[in-house]
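Residue numbering for the sequence shown follows UniProt numbering, beginning at 1 and increasing consecutively.
Note that the Cβ used here is the ideal one computed from N, Cα and C, for glycine as well.
Since the model is a prediction, treat every value here as computed from it, not as a measurement.
Structure first, then comments.
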Amino acid sequence: MPVFVGLTSLKQLSLAHNRIQRISSESLAALPKLKSLDLSKNYLHAIESDYFPSPNRLLHLILNGNEISNIGENAFENLSNLQDIELNNNHLTTLPGGVFKSMGKLRKLSLNNNQLEINWSTFRGLTSLQKLFLKSNNIRILQDGVFHVMQSIETIELDHNGISSLSRQGLFNLTKLRHLSLSNNSISRIEVDTWEFTQSLMSLDLSYNNISEFKPQHLECLQRLKYLNLAHNKIQYLMENTFDCVKNLEDLNLRRNKLSWIIEDPGAGPPFKSLRKLKKLDLYGNNLKQINSKSLSGLSSLESLNLGGNALASIQMAAFDHLTHLQKLTFKSLNFICDCEIVGFKRWLTKHLQATAQQTTAPSSQAVCGYPEHLLDRELLSLQQNELICGETPKPKISHEPSNQLAVKGANITMECRATSPRAASFSATDELKIKWRHDNRNVKEKDRSLSIVSPSLGTASYATTDTQIYNDPSNNHTTIIGYLRLFNVTYELAGKYQCVVSNAFGTTYSQKFKISIGIHPSFLQIPSNLTIDSGDTARLVCSATGDPTPVIALQKFGASDFPAATERRLQVLREENAFVITNAKTTDSGIYTCTAESPAGEIKVNATLSVNDKPQPYIPTITKEIAVGKSSVLECLSEFAFELNQPHREWYKDNKPFHITPTFDSDRFYFTAEKELLIIVNTQSADSGHYRCEITDNSKTYTMQMDLIVVKEYFSQRIIIIGVVLVTLTCIVVGSLVVWIILFYQKRKLCASAGQRNGPGSGSRVAAAQDSILDQTQMTTLNRTYIRSNRDPCQQRPRSLAALELNSGRYQCDDDINQSMVEQRSCLIVSTTPNYANQLLMQRGIRDGRNGQKILRDDEEDLTLEYLGLNTSHDTDAQQDHLSSKDSGTGSDAANKRSLEDFSVTIMSAHASTPTTSGSVLKSKPKTSPTKTAAEDENEIFKADTNAIDQHEDGDDIIASPMLGLSLYAIEANNTTFNNNRSPSHNKEFIRTPSMQSISDNMNTSVPPTENCLEPLTSSTQRHTNTHMVDI
1 MPVFVGLTSL KQLSLAHNRI QRISSESLAA LPKLKSLDLS KNYLHAIESD YFPSPNRLLH
61 LILNGNEISN IGENAFENLS NLQDIELNNN HLTTLPGGVF KSMGKLRKLS LNNNQLEINW
121 STFRGLTSLQ KLFLKSNNIR ILQDGVFHVM QSIETIELDH NGISSLSRQG LFNLTKLRHL
181 SLSNNSISRI EVDTWEFTQS LMSLDLSYNN ISEFKPQHLE CLQRLKYLNL AHNKIQYLME
241 NTFDCVKNLE DLNLRRNKLS WIIEDPGAGP PFKSLRKLKK LDLYGNNLKQ INSKSLSGLS
301 SLESLNLGGN ALASIQMAAF DHLTHLQKLT FKSLNFICDC EIVGFKRWLT KHLQATAQQT
361 TAPSSQAVCG YPEHLLDREL LSLQQNELIC GETPKPKISH EPSNQLAVKG ANITMECRAT
421 SPRAASFSAT DELKIKWRHD NRNVKEKDRS LSIVSPSLGT ASYATTDTQI YNDPSNNHTT
481 IIGYLRLFNV TYELAGKYQC VVSNAFGTTY SQKFKISIGI HPSFLQIPSN LTIDSGDTAR
541 LVCSATGDPT PVIALQKFGA SDFPAATERR LQVLREENAF VITNAKTTDS GIYTCTAESP
601 AGEIKVNATL SVNDKPQPYI PTITKEIAVG KSSVLECLSE FAFELNQPHR EWYKDNKPFH
661 ITPTFDSDRF YFTAEKELLI IVNTQSADSG HYRCEITDNS KTYTMQMDLI VVKEYFSQRI
721 IIIGVVLVTL TCIVVGSLVV WIILFYQKRK LCASAGQRNG PGSGSRVAAA QDSILDQTQM
781 TTLNRTYIRS NRDPCQQRPR SLAALELNSG RYQCDDDINQ SMVEQRSCLI VSTTPNYANQ
841 LLMQRGIRDG RNGQKILRDD EEDLTLEYLG LNTSHDTDAQ QDHLSSKDSG TGSDAANKRS
901 LEDFSVTIMS AHASTPTTSG SVLKSKPKTS PTKTAAEDEN EIFKADTNAI DQHEDGDDII
961 ASPMLGLSLY AIEANNTTFN NNRSPSHNKE FIRTPSMQSI SDNMNTSVPP TENCLEPLTS
1021 STQRHTNTHM VDI
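Shown next, in the form of structure tokens:
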């Protein structure tokens, strides 16, 4: 390489077509501002690391047409600013890994026409590369992630390589790729998700490959695609939705394929219906002879249509009517059938040519008649309307076509297709009359054994052949053609849809598609056994078969389907268990049963005998087993009844489904013993729980063992849980009973202690008395005393009642008399009777009627109010008081229900208290009584005093408000008049009768002082009537 002196400002240098063998760094150092260097067509053999000085400003380097076969690993280390490098037409076979690692600004890399093989490390460092050209290399496969470092790549050209397939891994991370060219490769397979990472693709060239099948999935996700080139492939069929994912497509090239079927066949769906934005469509050289009226549906924006290279014979009416934007139509045919069916196309063509102003291009030479003979070589546009008449069409007519067939696998099939054609048409195109067969939209070649498939089971190959025979019939001047398709040793691969296609020079006729199904003759998997059962038992006839199509299983008895078990609805069909079950067997069910398996592929039968005895078989109960998760389970299929069976056979079922251990099953946890007596489950899981059934059978009898397996998370069985609940319940009952017993025992002791205090010395006794009558039982409730202690001065206390005030006036007035000796004090019991409202009315009436000698008050009209007034002689504390309120009034039962006699008050009062005079009341002292006077005499006197008091009041007011029927005062000795509070009411009533009071008085006269200060019967100024009874005890 020469050294240039004085060219320090040179920016572009071309040394192409020289004999330079080595690049000189000194020469480049003399050109510090050089940006573009062209060394193409020289004799460079290698590029070394010292060829390019540092620093330099090179942006473009062209090394095309050299003999470079080796590039050093660091050859481009000093070319960090390079943006474009071309190494086309060299002898490169490999590139060192990371050779471009320092070229982070490179945008274009051209390596066309080499022998390169690329891998993922070849392009390391090319993060800014936008265009990559790898045409005509030795690339056979796109390795996974080979382009993943090219985050900015937009164009990749891989034409003229040996790539045979495309997958998503080879195009990984090409998210910005817009143009991809893969023409002139050997691509025959495109995976479904190939374009997952190339959704920005706008141009895709797959021309000149071996693509024979193009499905909708092959264009999935390419919503931005505008240009698609599929020219020069072997595509024979396009589905209706092939282009649904590329609705923005504007240019579609399908030239030189075999797409005549989708354009010609009226039964085919329109493949372009989704391409409403398509502007250019190229169908050149697809062997088209006719255009179906709906084959171009959806192309409303089409501007250019190329139908050249096709021998068009007919175009159906309205085939081009929807192409309103069509500007350029390219076609040429000398074989048009000029009859009435071409009138529509002639009219459209004339209008189109006038609209596009193409009359000057001699369009009449594009359409020339080939039939009928009198219009041969006439130009279509030159014909008059009356010359286009309907006549016999020269196109072939199918007179016999195959129908759907079902063949048994391994059999041979022959299909026949027959068609006729006018003899004149055959003569005009002698070599054009033929029959072709299509299998799943692909042509089947004559005597083609390329479809051969070796069947391991049959040991022979499956293949297809075709044959054609042509006959001329002079009688009707027609030619008959017969085509045969023979399939040998058919397998599933030969199943599918077939079609017969008959064509000649003037058109093609398509038969209806017919289906060839490959079936398998039915064969039994399970056959029923002869059974002997007892009456009332269940008969189970197992019968299953396989085949393709799946055979239908039926059961008959003596060749009929209306046997007793079926008509009486005792026959159950368990599809999942492949069994016929006869419940509640009867002797009439005995007989020969036939199991039939039938399908279109064949029919098979098997017989079994059922005998029903009168003696019932023993009942075997269901066994329930519980097991914890992770433990081993053992299910037994052993029965003492099964010992009588001869060579028993066992079958297991889980949840009414056959249970078998297969390689696909979780077989490492399930084991059977030799005769299937035990089913062992290791590491039991929750999914293993369920209902298991084991059938033990021979040719005569069948026994069934049923087991329920319950898998729990923890090893606590249901029985243990129930026992635990029962124990806890019993414990609670026992503890509760003990608590109740303790409470009752404590209350009993408390009551006994309280009773002892009341019955002790100084506690006093409770006495009740009534006028000549026995108290009601409800009034005899045992009295309880309430001890109310107060630290207040007795002088400041308020008397509880009028009687208390009059009896203890000295204590309430703080007289010196209250400090008198305790020996001189005594106790009194005041018994007052107060009526309720009804008794008051009765009493008022009684007062008015008293003079007539009527009894004033009856015993059952009185209620008692007791106030026991006493003075504690042994303590210096306040008076102990209980109070009986007005709510205790009422009849006997009301008083008992509302308030018991235990609420009565005990008040200690002084026997020597003076009798004060209070406003609103008159209080008189009772005269002294003789110690020898009896209690009966005292009571008589008191009764008389009561009567007198009432008589005295007679002259007063007529209305008496809340009168007190009586007040009785008794002097008692506390320590001698007590009685047991726990006595029954009847005993207490007897105790307080007047004779008893008399006896008590006799016993106590010697120890009680005279009752000089006990009260006499009195009548208050407020018209309250009170009867006071004084009794000395």
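Cβ-based neighbour list, H45, same chain, cut-off 6 Å, excluding 5 preceding and 5 following: E67
C-alpha distance - C338 paired with N138, whole-angstrom precision = 53 Å
Check: Exposed or buried, what is F745 when buried is set at 16 or more other beta-carbons lying within 10 Å of its beta-carbon?
Finding: exposed
TODO: Spell out the partners DSSP gives Q469 in its beta bridges.
DONE: I482
Report task. Go to H352, then tell me how far its alpha helix (DSSP H) extends in each direction, as first and last residue. Result -> V343 to T356
Can you give the beta carbon distance from L259 to L228, rounded, assuming they're within the 8 Å contact cut?
Not confirmed; about 14 Å, so no contact.
(Q) In this structure, how does DSSP classify V712 when only helix, strand and coil are distinguished? (A) strand
**OP:** Please determine, among K351, Q354 and I481, the residue with the shortest C-alpha to C-alpha distance to H400.
**Re:** I481
task: For the segment 511 to 521 and the segment 579 to 597, state whether three or more C-beta atom pairs, one from each stretch, are separated by less than 8 Å.
output: no
When the Cβ atoms of the segment 157 to 165 are set against those of the segment 184 to 199, are three or more pairs found closer than 8 Å? yes
How is the beta strand (DSSP E) around T94 delimited, first residue to last? Looking at the DSSP string, T94 is not in any beta strand (DSSP E), and its letter there is neither H nor E.
Alpha carbon to alpha carbon, how far is E577 from P271?
48 Å
Helix, strand or coil at M415 [DSSP, three-state]: strand
Does the pairing of the segment 677 to 685 with the segment 627 to 647 give three or more beta-carbon distances under 8 Å?
yes
Q) How long is the line joining the alpha carbons of L312 and S333, rounded to whole angstroms? A) 6 Å
Do you know how far the Cα of L323 is from the Cα of L299?
-> 7 Å
| DSSP three-state assignment for S14, whether helix, strand or coil | strand
Less than 8 Å between the beta carbons of T702 and R540, yes or no?
yes
Inset, instruction - Taking all protein chains shown into account, decide if I85 is buried (16 or more other Cβ within 10 angstroms of its Cβ) or exposed. - result: buried
- Item | C-beta contact flag for L92 and S121 at 8 Å | no
Query raised in the report: Going along the chain, which residues of its own chain have a beta-carbon closer than 6 Å to the beta-carbon of N306, five neighbours each way excluded?
Result: D282, Y284 and T330
I believe V606 touches I533 by the beta-carbon criterion, under 8 Å. Please report the beta-carbon distance rounded to the nearest angstrom.
In fact, because the Cβ distance is near 19 Å, the residues do not count as touching under 8 Å.
*Helix, strand or coil: how does DSSP classify L126 here?*
coil
Taking the beta carbon of Q366 as the centre, do at least 16 other beta carbons fall within 10 Å, making it buried, or is it exposed? buried
> So, are the CB atoms of L58 and K33 less than 8 Å apart?
Replying inline: no
Please state whether the Cβ-Cβ distance between D440 and K351 is less than 8 Å.
no
| Where do the ends of the beta strand (DSSP E) carrying I627 lie? | I623 to A628
TODO: Helix, strand or coil for F672, going by three-state DSSP, please let me know.
DONE: strand
With burial defined as no fewer than 16 other Cβ atoms inside 10 Å of the residue's Cβ, what is the status of R255: buried or exposed?
-> buried
Nearest-angstrom Cα distance between D321 and S297? 10 Å
Given this structure, state the Cα-to-Cα distance separating S102 from C221, to the nearest angstrom. 35 Å
Give me the Cα-Cα distance between residue 1049 and T588, rounded to the nearest whole angstrom.
Because the chain in this structure spans residues 1 to 1033, residue 1049 falls outside the shown range and cannot be described.
To which residues of the same chain is Q125 closer than 8 Å at the C-beta, ignoring the five residues directly before and after it?
-> The question names Gln, but residue 125 in the sequence shown is Gly. The residues are G98, F100, K101, S102, M103, G104 and V149.
Quick one: residues in its chain with C-beta nearer than 8 Å to the C-beta of T8, no 5 flanking neighbours on either side, listed in chain order? A30, L31, P32 and K33
Margin query: Among the candidates Q21, Y237 and N253, whose CA atom is the shortest distance from the CA of K226?
Written below: N253
- Task: Label F643 either buried or exposed according to how many other C-beta atoms from any shown protein chain fall within 10 Å of its C-beta, with 16 as the threshold for buried.
- Result: exposed
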